[in-house]
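Worksheet: the structure to be examined is printed underneath.
Number of protein chains: 2
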Amino acid sequence: MSSAFRPTPASLPPQNAGLMLRQPNGLPANFQPLNPLQFILRAAEVYPDKLALVHPDVKYPVSYSFAVWCQRIQNLAYALIQAGIKPGDRVAVIAPNSPLIADAHHGVLAAQAVPCPINTRLKPSEVAYILEHSGSSIILVDHEYVHLLPPNLKVRVIVSNDTGRPGDPYEDFLSSGRAFSQERGWAGLEYTTDENAPATLCYTSGTTGRPKGVVTTLRGSYLAAVANAYESKIHLESTYLWILPMFHAAGWTFPWANVFAFATQITLRTVDYSLIWKHFLNSAVTHYCGAPTVQIGIVNDPAAKRLPRPISAIIAGAAPTASLIASLEEIGIQPIHRDGRHQLHLSAGRLQVYLQYGPFTRNFTQPSWASLSAQERSKFMARQGHPFATAQDARVVYPPEDGSDTLVDVPRDGKTVGEIVTRGNIVMKEYFRDPEATAKAFRGGSFNTGDLAVWHPDGAVAVVDRSKDIIISGGENASSLAIEQELASHPCVLEVSVVARNHVKWGERPHAFVILRPKSIAKWKGRHEDFEKDLKAHAKGRLPGFACPEWVQVVDELPKTSTGKILKVDLRKIVAKL
Amino acid sequence: MSSAFRPTPASLPPQNAGLMLRQPNGLPANFQPLNPLQFILRAAEVYPDKLALVHPDVKYPVSYSFAVWCQRIQNLAYALIQAGIKPGDRVAVIAPNSPLIADAHHGVLAAQAVPCPINTRLKPSEVAYILEHSGSSIILVDHEYVHLLPPNLKVRVIVSNDTGRPGDPYEDFLSSGRAFSQERGWAGLEYTTDENAPATLCYTSGTTGRPKGVVTTLRGSYLAAVANAYESKIHLESTYLWILPMFHAAGWTFPWANVFAFATQITLRTVDYSLIWKHFLNSAVTHYCGAPTVQIGIVNDPAAKRLPRPISAIIAGAAPTASLIASLEEIGIQPIHRDGRHQLHLSAGRLQVYLQYGPFTRNFTQPSWASLSAQERSKFMARQGHPFATAQDARVVYPPEDGSDTLVDVPRDGKTVGEIVTRGNIVMKEYFRDPEATAKAFRGGSFNTGDLAVWHPDGAVAVVDRSKDIIISGGENASSLAIEQELASHPCVLEVSVVARNHVKWGERPHAFVILRPKSIAKWKGRHEDFEKDLKAHAKGRLPGFACPEWVQVVDELPKTSTGKILKVDLRKIVAKL
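Line by line, the protein sequences are chains A and B. For the first sequence, position 541 matches number 541 in the UniProt record's numbering, and the numbering has no gaps at all. For the second sequence, position 337 matches number 337 in the UniProt record's numbering, and the numbering has no gaps at all.
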């Protein structure tokens, strides 16, 4: 941390700054609209001097206390209002993990507007589509991603050079907000009266067709954030490392959950495993979120070693394999049960993504698992589990028959495959400006997730696949995820992805793409056919015949989204040409 | 635990019991009315076999898993419906901590009715008034308190002999509910659509005038329970000991908070310090709630010793003295900061009671306090602090002028005395059938608590007194609480209470009632005048002259309410005769 850093003058709150928004007229004293904006105000009130936000691994490192950060958020709100933003307007944010996007999760809400975080890995044409479709009235953009903007934009663009220093356009924007507010402070801003008003607008990756805009509510964001803090045991003494991009589903509500908990947040611009391990070992990190592929990178980094203190990993975005969970446990990213007092837990295998609020279910460890081997336990832990704290129902239902809207539960037998449908306060509000897709998604009165799963006798749901990832082989439904789970347990396999490939006799058969572990590359060099045989033999003892891979292809890397999800759509294109 | 105990046949859930209520028609998939009833259903789904409720220190001990307890709660709901209970009806409960009253907090909600827990220490005439005023349609009563019931009751009375065995009238009532349900199960019961519907009806102690009925909402109870679990760090591995009577403000929402957390609850029928210490030392207790006087009893019990593991105490109901907090810390009921991983905290000095939801504010420990002495730190910890997780605003305001409804904040100087007013989701809904008292309580658009306090520069509120507990001595306002704080730091003082006594010259002067520590009784035997001099000298160095006690009276005990609050109204009657 550069000792030269000082927050800009406009970032320093006045003496005795009030930390209450103006109360809307007409609300009863016992009803306050739920709104995650409340958390930063409370944090600045209770722990003004505690370290809130640290951005260390850049040319111009910055760090902010809750009091200073809260003032910056207020400045942003006023700057947006000065720029013409009205309640309900969308504010696009294109940035890696950095103060800019962290600010936006609070400051845009303080202007009663809706942050629309955009994936930085998208193509300019996709960014242009989202800017257009969302109708964003202003764009906050990190200097590294200005090239993503379409030419001839008609809306105002504020660039952040990510310096936190005077002269940075974003800092000047914040300062202009402070000047505009004329020190009216928080009391000059009003609480949103409708807790079901939009909180965020996040676009799906759109692997098929145009991205869809997922709208969340203030009420849902508040309840999801509180649940994430509770379920992940994030507290005052916690330090959260931002590996998951904050633009992804609004950071699974952790931008608010951490503030609710008074935790310190560290932002990393990129997924850099050396930096991650530096912070794991030196920055008292206690929590992070990441998709399974990121977890694989962490476990297999050369710097990986047994952690001196356990770290809690929230895994979501895709189902982790049992093998991955076992590897994490080995280095101390794991559940610790030692005389019942210092338990940190691995909240593994959460369902996620399609709700855009982050986790909806959670894998609840059972006492009876304690006597299992790590591998056996990992299989249970890889299930998506039960709805978590403030979620409501997650059911597995048969696909509704044509013309019917009735959702019928599958039996809880751990075998029958159906679709997960959800209900409750942390289900999304709607697809933005797309009533048709919204109606389809809410068919039958629940949110249809498109995730195929089985329902176990103990009530846990376990994703078998996205519906499009099922391989129909000889009339049997083979789950590519289940196949991946088994192939990943082969000692030489680092990462594996399985897709359907056309087959003359069986219709479809599984095609496996495999990345070898670094230590196994030499072993199979020039003998990939032998590895193929070895892996098929491994599969044969573990999978039914129709699910055994017909083809095994060793590759150096797998196509992935910015958030680390494997792009099966790209793999399917490859096998379509074979 | 008697090995002979088996839950009644009607308590055993059927195979594959569904654990979802019927969803009301017309609700969107992304809106679920908040309701703490949801917690027991989730607990029974996720941890069916975990120990939920243990009632050990009685002739017929019982213990229930979440699955069994959940079934009993369902049986209670159907039994109530069979008995004619309609949504919104009140169900009176007169019981000490026991399964009966624990069941009622969930089962009555499941019938969409409103539990009305009644203080077991009230006189029959007071109980008759509450039964009449609440319009309770049915009464659930523990066998020990049947004598409190008025004669010629026109409503049905169900007596529990607290046995959990067949033949107990309450058990027969539950069994009748199971028979009535015809195994329609939870799907035969409907979710309450309005989350602002009444959750509980609890009556104030009514030290002046008739008791008032405080109505809470389902939304508020849900949010308060979640916050209590989060703030107290109650989790799956926690064991909560019921010392606080559950009838008191619906157990400060802990009957739901513990279930939300999947914690095990142990119920104690009476505040018996030997039993409390038995459980502290042998039952892996991690949490309990209690008013300061109960904490004093715990600290001074002969069995008291340094705890092998820290226990978290939630103190509320009155302000604890700094001296008490230091004593608790000494034996391990205290904040533990040991390498940041196994922190249990003393959530001391919470504001409470007047909201009937339990804690509203919480004392948030500051890092800077670590370097203070235990005594100095205790002074900070005795403040009521800041609004907690899901509470909203707690302000200190000047008394509104006559004819005005405007509430003006006092300066945050730690000196100016005003009244605490609150806003937010865990503020009560109304006084039952008393629109006049409700309007008065909500004067100025906030809840007027009647608690006098100062506002510190760091935003913490600190109660100085109930308005009627202020002693006006020579035109100066002396806080009886502040005087008690200082007198309690005398090494021979176990407990102290100070009230105003008329004085010819000064108008009023403080009169102190003191209980000596057991070890100090012999020292001052026959020399109470010497002790009086000693205590006055102690006070002189610590308090302004007008606040020093004019009279000191050594007593063997102090008059208290059933919940351990000192009845100052009785002490005032004593001094009025002097």
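Even for Gly, the Cβ is constructed at its ideal location relative to N, Cα and C.
* Span of the beta strand (DSSP E) holding residue 162 of chain B? -> Segment: none, residue 162 of chain B is in no beta strand (DSSP E) and carries neither H nor E.
* To do: At 8 Å on the CB atoms, spell out the chain A contacts of residue 446 of chain B, in chain order.
  => 29
* Asked: residue 580 of chain A touches chain B at which residues, Cβ-Cβ below 9 Å?
  -> Past the edges of chain A, shown from 1 to 578, lies residue 580 of chain A, and the structure says nothing about it.
* To do: Using three-state DSSP, classify residue 555 of chain B as helix, strand or coil.
  => coil
* To do: Determine the contact status of residue 540 of chain A and residue 262 of chain A, defining contact as a CB-CB distance below 8 Å.
  => no
* Considering residue 39 of chain A, what are the terminal residues of the alpha helix (DSSP H) in which it resides? -> 38-46
* To do: Take the Cβ of residue 107 of chain B as the centre, count every other Cβ of all protein chains shown within 10 Å, and call the residue buried at 16 or more, exposed below.
  => buried
* To do: Have a look at residue 568 of chain B and residue 291 of chain B and give me their C-alpha separation to the nearest angstrom.
  => 15 Å
* To do: Would you mind telling me which residues of chain A sit closer than 9 Å to residue 583 of chain B, beta carbon to beta carbon, in chain order?
  => Since the first and last residues shown for chain B are 1 and 578, residue 583 of chain B lies out of range.
* Excluding five sequence neighbours on each side, which residues of the same chain lie with their C-beta closer than 6 Å to the C-beta of residue 658 of chain A? -> No information on residue 658 of chain A is available, as it lies outside the stretch 1 to 578 that chain A covers here.
* At a Cβ threshold of 8 Å, is residue 412 of chain A touching chain B? -> yes
* Rounded to whole angstroms, how far is the Cβ of residue 455 of chain B from the Cβ of residue 464 of chain B, which I believe are closer than 8 Å? -> Going by Cβ atoms, the distance from residue 455 of chain B to residue 464 of chain B rounds to 11 Å, so no, they are not a contact pair.
* To do: Compute the Euclidean distance between the alpha carbons of residue 571 of chain B and residue 499 of chain B, then round it to the nearest angstrom.
  => 7 Å
* When the Cα of residue 220 of chain B is compared with those of B:392, B:53 and B:312, which residue comes out closest? -> B:392
* Length of the line joining the Cα atoms of residue 543 of chain A and residue 405 of chain A -> 35 Å
* Whole-Å CB distance - residue 27 of chain B paired with residue 217 of chain B, under 8 Å assumed -> Wrong, their Cβ atoms sit about 18 Å apart, outside the cutoff.
* How about residue 313 of chain B and residue 288 of chain B: do their beta carbons lie closer than 8 Å? -> yes
* Asked: In chain B, which residues lie less than 8 Å from residue 297 of chain A when you measure between Cβ atoms?
  -> Within chain B, no residue comes near residue 297 of chain A; the closest Cβ sits about 26 Å away, beyond 8 Å.
* **Runs of beta strand (DSSP E) lying entirely within the UniProt domain "AMP-binding enzyme C-terminal" (483-565) of chain B, each at least 3 residues, in chain order** => 493-503, 507-516 and 551-554
* Per-residue DSSP class, three states only, for residue 17 of chain B -> coil
* Beta carbon proximity, residue 16 of chain B to chain A, threshold 8 Å -> yes
* Straight-line Cα distance separating residue 309 of chain B from residue 339 of chain A -> Residue placement at residue 339 of chain A is flagged as unreliable, the pLDDT there being 20, under the threshold of 50; a coordinate-derived value is accordingly withheld.
* Helix, strand or coil: how does DSSP classify residue 102 of chain A here? -> helix
* To do: Could you tell me whether the Cβ of residue 20 of chain A comes closer than 8 Å to any Cβ of chain B?
  => yes
* **Alpha carbon of residue 244 of chain A to alpha carbon of residue 251 of chain A, nearest angstrom** => 7 Å
* Skipping 5 residues on each side, what residues in its chain have a beta carbon closer than 8 Å to that of residue 240 of chain A? -> 234, 254, 258, 263, 264, 265, 266, 285, 286, 287 and 288
* Leaving aside the five residues before and after residue 502 of chain B along the sequence, list all residues of the same chain whose C-beta is less than 7 Å from its C-beta, in chain order. => 508
* Helix, strand or coil at residue 419 of chain A [DSSP, three-state] -> strand
* Asked: For residue 249 of chain B, which option in B:45, B:426, B:177 and B:37 has the closest C-alpha, if you only look at C-alpha atoms?
  -> B:426
* **Proximal residues of chain B, C-beta to C-beta of residue 429 of chain A below 7 Å** => 30
* Beta-carbon of residue 187 of chain B versus every beta-carbon of chain A: anything under 8 Å? -> no
* To do: Take the Cβ of residue 576 of chain A as the centre, count every other Cβ of all protein chains shown within 10 Å, and call the residue buried at 16 or more, exposed below.
  => exposed
* To do: Quick one: grab the DSSP three-state call for residue 171 of chain B.
  => helix
* Between the Cα of residue 212 of chain A and the Cα atoms of A:13, A:23, A:137 and A:433, which residue gives the shortest distance? -> A:433
* To do: In angstroms with no decimal places, state the Cα-to-Cα distance between residue 531 of chain A and residue 140 of chain A.
  => 49 Å
* To do: Taking residue 36 of chain A as the reference, give the member of B:516, B:35, B:390 and B:109 with the closest Cα.
  => B:390
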